[in-house]
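In our numbering, the protein residues as written are 1 to 161.
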């Protein structure tokens with residue numbers, strides 16, 4: 001079965017990567033669907049995010065990445081031939097949010113399943129927003145993001161100084 005793991009990945013964190021790896025063990029194929037969150041000012045361009053995600057998933061043979069247009073996740077999943085949408089849950093707030101989205105997705109696309117994977121304890125506090133804040137003040141990102149992402153963040157923050 002094919003699954004899609006959607007997100008803005010701005011930037012990709014070790015929490016995201018852990019979920020991708022775990023999903024790759026559950027599904028024949030996992031497509032990381034890289035979206036642009038129109039409600040936020042992105043740090044990385046879609047092409048930069050594709051490069052960073054592809055670098056992080058290169059050792060996972062059944063995982064690929066694709067940049068997606070602004071659209072409903074169910075439409076994207078159907079276009080990609082996926083039967084499941086994988087989402088990560090860090091806390092109760094994430095669960096409540098994802099529960100509402102999953103219910104709406106089920107109404108829109110009864111044939112698609114939403115699979116929630118709970119974050120490992122060491123990743124429950126990670127968020128892309130928090131990572132950007134740590135990077136902005138030149139904090140150590142080694143435990144939080146893949147090495148390539150850390151370098152890209154450092155470069156972005158240096159260019160903003």
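Glycine is no exception: its CB is placed at the ideal position from the N, C-alpha and C atoms.
If you're wondering where the values come from, they're calculated on a predicted model, not measured in any experiment.
- Less than 8 Å divides the Cβ of residue 31 from the Cβ of residue 66.
- Here residue 74 carries a helix assignment [DSSP, helix/strand/coil].
- The alpha-carbon separation between residue 36 and residue 127 amounts to approximately 16 Å.
- Around residue 53, the same chain offers 9, 12, 32, 34, 65 as residues with beta carbons nearer than 7 Å, after the five sequence neighbours per side are excluded.
- By a beta-carbon distance limit of 8 Å, residue 74 contacts residue 109. Their separation comes to about 4 Å.
- Bridge partners of residue 80 according to DSSP: none are assigned.
- Around the CB of residue 114, 16 or more other CB atoms lie within 10 Å, so the residue is classed as buried.
- The straight-line gap separating the alpha-carbon atoms of residue 55 and residue 61 is approximately 12 Å.
- Under DSSP, the beta-bridge partners assigned to residue 88 are 117.
- Closest by C-alpha distance to residue 41, out of 29, 102, 129, is 129.
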